[in-house]
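Using this note's numbering, you'd call the opening residue of the sequence shown number -13 and step up by one each time.
Written below as structure tokens is the structure these notes are about.
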Amino acid sequence: MSIVLIVDAACDLPKDFLDKRGIQLLPISIKVDDQIYIDDKDSHRLQAFYRQKLLTLKHEAESAPYSSGEIHQLFMRDIVPHYDFGLIQTVSQKRSAIHANCIEAQALVQTSCRKSRANGETKRIFSMRVMNSGTLFTGQGVLAAFTSDLIAANKSKHDILRLAEAFKRKIYGFVIPPDVAYIRERARKRGETSLSALGAFVAKSLAIKPIIQAKNDATKPIAKVRGFDQAVNRLFAYGVNRIKLGLLSPYVVVSIAGDEADLKTFAGFLELKAVAKLHQVEIISCVMGLTSGLNVGPGAVSLALAAEDHAFD
């Protein structure tokens, strides 16, 4: 049975990793002022976008995920003719409409496949499943890397679904926004009120930066650190500690909403890479996707890994 993994563009993984693993992509477009930009994970285009500073609050910006109809068209064109089973892993269903759109598209794809068999156009039976990752950004990347390993190991679709469902509950994803006020303003424009204006003002005035955790469809601040660089280095120190204690998969995914080379300016990142090499863990770094950068702000840093249940320290 030929099996393919599909992720949406909110998943932080570099394009060469996706291509090497045969992972298909659901692109996401964002509209900035009157211009449409497509996130296809090309690092050069992503970095050029961030260099133009198009995500500052001076610009009106919103994301536009594929509709159910567009997902249906993509599947019938690029997936159904070539594979027996397609697994879509989406960003947390509580943070985006992508999961709901994929569920609607699944019904459309199944209807089209039944019609094709009834009309004698094909004898092949195609099936698909939509999986809510329950996480964000680099967390999706960790899940996708794990799942692609299962596919490469020729696991059955039932084993892949069972193991990926269990694994996703062990993913710890984190993001550090440079400016809480930015998140509050973007959220306000989406109609969310989870961050108060006063809280954003206090955080900004005292240079307090939250480390936000995404796990099992819940996002919450789990630490507050004075200074952005200090917060990022603390997150990398956490990653170093978890690697030493042992991970559930040999991947740590790191992304930045800007120039990937800027990660090397953090001493903690260099230590993370050195410790990972000693423990045969792969650090996968990339430019953060556009829809992620839109929501958490230019310069934001994200890290994710999979480990047994623990508290952040």
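Beta carbons: idealized from backbone N, C-alpha and C, even for Gly.
Would you call the CB atoms of Val128 and Val239 closer than 8 Å?
yes
Since I believe Ile16 is in contact with Ala(-4) (beta carbons under 8 Å), could you give me their beta-carbon distance rounded to a whole number of angstroms?
By a beta-carbon distance limit of 8 Å, Ala(-4) does not contact Ile16. Their separation comes to about 11 Å.
Enumerate in chain order the residues of its own chain whose CB-to-CB distance from Lys210 is below 6 Å, with the five nearest sequence positions on each side excluded.
Ile194, Pro196
Which residues does DSSP list as the beta-bridge partners of Asn118?
Thr76
Are Leu276 and Tyr69 touching if we call contact CB-CB under 8 Å?
no
Among all the DSSP beta bridges, which residues are the ones paired with Asp25?
Ile14
By the 10 Å Cβ neighbour count, where 16 or more other Cβ atoms means buried, how is Asp165 classified, buried or exposed?
In the assembly as shown, Asp165 is a buried residue. Its beta-carbon has 16 or more other beta-carbons within 10 Å.
N-terminal and C-terminal residue of the beta strand (DSSP E) that Gly125 is part of:
In the DSSP assignment, Gly125 falls outside any beta strand (DSSP E) and within the unbroken alpha helix (DSSP H) covering 124 to 138.
Under the DSSP definition of a beta bridge, which residues are partnered with Ile71?
Per the sequence shown, the amino acid found at residue 71 is Phe instead of Ile. Beta-bridge pairing links Phe71 to Ile(-11), Ser113.
Between which two residues does the alpha helix (DSSP H) containing Lys6 stretch?
1 to 7 is the extent of the alpha helix (DSSP H) around Lys6.
Val226 lies in the alpha helix (DSSP H); which residues open and close that run?
Start and end: 214 to 231.
In whole angstroms, give me the CA-to-CA distance for Ala253 and Ala292.
23 Å
Answer with buried or exposed for His30, where buried requires no fewer than 16 other C-beta atoms within 10 angstroms of its C-beta.
exposed
With which residues is Phe160 paired in a DSSP beta bridge?
DSSP output for Phe160 lists Gln199, Leu289 as bridge partner(s).
Using the beta-carbon count (16 or more within 10 Å), is Leu256 buried or exposed?
exposed
Less than 8 Å between the CB atoms is what I'm expecting for Gly159 and Ser288, so what's the real figure, rounded?
Taking a contact as a CB-CB distance under 8 Å, the pair Gly159 and Ser288 counts as one, their CB atoms being some 7 Å apart.
So what does DSSP say about Thr108, is it helix, strand or coil?
coil
Three-state class that DSSP yields for Val282 in the structure shown
Residue state, collapsed to three classes: helix.
Are the beta-carbon atoms of Ser113 and Phe61 separated by less than 8 Å?
no
Work out the CA separation of Ala217 and Ser54 for me, nearest whole Å.
Answer to the nearest angstrom: the Cα atoms are 39 Å apart.
So, at 6 Å on beta carbons, what are the nonlocal neighbours of Asp203 in its own chain, with the 5 sequence-adjacent residues on each side left out?
Ser78, Lys80, Gly120
Cβ shell of Gly225 (< 6 Å), same chain only, five flanking positions each side left out:
Only Val238, Leu258, Leu289 meet the Cβ criterion.
Is Leu184 buried or exposed, if buried means 16 or more other CB atoms sit within 10 Å of its CB?
Per-residue confidence for Leu184 stands at a pLDDT of 45, beneath the threshold of 50, marking its modelled position as unreliable; no derived number is given.
Ala173 to Gly106 span [Cα, whole Å]:
50 Å
Contact between the region 5 to 20 and the region 128 to 144 is defined here as three or more beta-carbon pairs at a separation below 8 Å; is this criterion met?
Touching, yes, given that three or more Cβ pairs across the two stretches are closer than 8 Å.
Uninterrupted alpha helix (DSSP H) stretches inside the region 229 to 267 (no shorter than 4 residues):
253 to 264
Tell me whether Met(-13) is buried or exposed, calling it buried when 16 or more other Cβ atoms sit within 10 Å of its Cβ.
exposed
Contact under 8 Å by Cβ, Cys272 with Leu(-1)
yes
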